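Protein chains in written order, with numbering that gives the first Met the number 0: chain C, 0 to 225; chain E, 0 to 225.
Below: one structure, written as structure tokens.
2 protein chains.
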Amino acid sequence: MGMRISELAQRSGVSVPTIKYYLRVGLLPSGTTTAHNQATYGETHLRRLRLIRALLDIGGLTVLATRDVLAAIDDSTVSGLDLLAIVDSATAAARCGIVDESVRDTALTDVTALIAGYGWRMRPGVRAIDRLAEICAAVRLLEVKELYGVLDAYAGAAAQVAECDLAVTRALAERVDVAPQQQRVILMEAVVATVVLGGAMLATLHTMAREDALSRLFAEEPQGLR
Amino acid sequence: MGMRISELAQRSGVSVPTIKYYLRVGLLPSGTTTAHNQATYGETHLRRLRLIRALLDIGGLTVLATRDVLAAIDDSTVSGLDLLAIVDSATAAARCGIVDESVRDTALTDVTALIAGYGWRMRPGVRAIDRLAEICAAVRLLEVKELYGVLDAYAGAAAQVAECDLAVTRALAERVDVAPQQQRVILMEAVVATVVLGGAMLATLHTMAREDALSRLFAEEPQGLR
């Protein structure tokens, strides 16, 4: 029932040398050693390998950050909210460059009001709040107030998408074909997949829809921006 | 009427050494040299400096990529669509790791159908199409089909947000207080600001709304993921 490494490579689309590298750096757990001193791998390895590729290729995580996320999935003392925090800090390096404190404070007040308006419950000190305040501060500094004006419409669209994320994660968690002892780790993997893939999906669809919308503007411009 | 570099630093929140660095690497155009051999700077420099910070801090662009984007803004032969392509390739390094060609082809068919369904006009070969196909292939490989099922709801939300982007960019382009000869460069700056800041805004709001939605799931889980 176990797979040889070559079969694992074939089914995952990841080359044998790459799988060996993942084993060496501890991204992938070791296989089971057989009587003939050969390692075999199971469905868990295949699933984990696919998640590793999604984190590296789609999420753009570093190998080190990927290892942190996988360790959190496997650690049964890590809660779902802890996991979100770990994925959060793994998906992006913190940046902080807006110096003007007063603009930033105004923006933070607006962001706090927005969160309250939507009734979003956030962990205190979650990075996204500061990040949004920083973006809003940049919007103010760049004097594109018009973008500030559509913040609420953006938040509404994000809330809609988040309801889909919830439905997806719940559906994944309620799969009946999963052994009870695997349920927690499968849910944790589902959370990571939804966060990383869902995030990339929305960002890419936004790029596409915006290209279409702006093309219309360029087409009507007298100055020939088409 | 010109500002000394110290005033420029104060008004932009960027330190004098950093401004000097931007001047040296060609991110910021030189000031006007006065009789006393001192350079002075205008509103254009201030505006450009704020855009540079937004590109570096919010967009996460490298200095080199920022220089490409600014050069495109200033080059009057660059069209709006050219600019979108340059921002597109500047905001992310191309990644391509999904090996399974057949899964990728299926995903590409689905993405093409989605684009046709929304009537989105895309430049041929635009990176976002391949990127979305790659994400969808990863979704299939990870066997989180549920996420595939909400692709359309995601696209609807993205389309809504893109209409806001169009309204914002149009409003910026129609500002009456701008000298005619500056109109093109201001519109180009508005496009870049909308793409980079709007993209970051939506991604961050998505993170926040998702955290709230998933908290609800964790709270109801019997396995204590809260």
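For every residue, glycine included, the Cβ atom is placed at its ideal position computed from N, Cα and C.
Computed from a predicted model, the values in this text were never measured in an experiment.
**Asked** Hey, which unbroken runs of the alpha helix (DSSP H) at 4 residues or more fall wholly within the region 77-154 of chain E?
**Response** 79-90, 100-117, 126-140, 144-148
**Item:** Residues from the region 195-222 of chain E in contact with chain C, defined by Cβ distance under 8 angstroms
**Value:** L196, G197, G198, A199, M200, L201, A202, T203, L204, H205, T206, M207, A208, R209, E210, D211, A212, L213, S214, R215, L216, F217, E220, Q222
**Proximity of V68 of chain C and V190 of chain C at Cβ, strictly below 8 angstroms** = no
**Item:** Integer Cβ distance of A227 of chain C from A202 of chain E, believed to fall under 8 angstroms
**Value:** Residue 227 of chain C lies beyond the range of chain C shown here (0 to 225); nothing can be said about it.
**Request:** Just the C-alpha distance for R46 of chain C and V184 of chain C, rounded to the nearest angstrom, thanks.
**Result:** 11 angstroms
**Request:** Determine, using beta-carbon pairs with one atom in the region 29-42 of chain C and one in the region 51-67 of chain C, whether at least three such pairs fall under 8 angstroms.
**Result:** no
**Message:** Considering Cα atoms alone, identify which of C:V13, C:T39, C:L22, C:I114 is closest to E238 of chain E.
**Reply:** The requested residue 238 of chain E does not occur in the structure, where chain E is confined to residues 0 to 225.
**Message:** What are the residues in the region 115-127 of chain C lying within 9 angstroms of chain E by C-beta distance?
**Reply:** Y117, G118, W119, R120, M121, R122, V125, R126, A127
**Prompt:** Are L213 of chain C and T105 of chain E closer than 8 angstroms when you measure CB to CB?
**Reply:** no
**Item:** Buried or exposed (CB count within 10 angstroms, at least 16 for buried), A208 of chain E
**Value:** buried
**Message:** Cutting at 7 angstroms between CB atoms, please list the residues of its own chain near T39 of chain C, excluding the five before and the five after it.
**Reply:** G1, M2, R3, G30, T31, T33
**Request:** Figure out for me which residue from E:L83, E:A132, E:G59, E:H35 has the closest Cα to the Cα of R130 of chain C.
**Result:** E:G59
**Message:** At the 8 angstroms Cβ level, is V68 of chain C part of the contact set with chain E, yes or no?
**Reply:** no
**Item:** Endpoints, the alpha helix (DSSP H) within which R209 of chain C is located
**Value:** 182-219
**Prompt:** What is the DSSP secondary structure of T31 of chain E, reduced to helix, strand or coil?
**Reply:** strand
**Request:** Please confirm whether R49 of chain E and L141 of chain C have their CB atoms less than 8 angstroms apart.
**Result:** yes
**Message:** Residues of chain C with CB closer than 8 angstroms to the CB of I85 of chain E, please, in chain order.
**Reply:** Chain C residues near I85 of chain E: none, gap ~13 angstroms exceeds 8 angstroms.
**Prompt:** Taking Cβ positions only, does R52 of chain C come closer than 8 angstroms to chain E?
**Reply:** yes
**Prompt:** Around the Cβ of A93 of chain C, are there at least 16 other Cβ atoms within 10 angstroms (buried) or fewer (exposed)?
**Reply:** Bear in mind that a pLDDT of 38 at A93 of chain C, under 50, signals an unreliable position, so the model cannot answer this.
**Item:** Distance between G118 of chain C and A112 of chain C (C-alpha atoms, nearest Å)
**Value:** 10 angstroms
**Request:** Quick one: grab the DSSP three-state call for T39 of chain C.
**Result:** strand
**Message:** Closest to D56 of chain E by C-alpha separation, out of C:G25, C:Q159, C:E133, would be which residue?
**Reply:** C:E133
**Asked** Near D109 of chain C, which residues of its chain fall below 7 angstroms by C-beta distance, leaving aside the five closest residues on each side in sequence?
**Response** C135
**Prompt:** Is the beta carbon of H205 of chain C less than 8 angstroms from the beta carbon of A157 of chain E?
**Reply:** yes
**Message:** Please return the same chain residues whose Cβ sits closer than 7 angstroms to the Cβ of L80 of chain E, not counting the five positions on each side in sequence.
**Reply:** R122
**Prompt:** For L54 of chain C versus V149 of chain C, is the C-beta spacing smaller than 8 angstroms?
**Reply:** no
**Request:** Could you pull out every residue in the same chain whose Cβ sits closer than 8 angstroms to the Cβ of R103 of chain E, ignoring the five residues on either side in sequence?
**Result:** I97, A132, E133, A136
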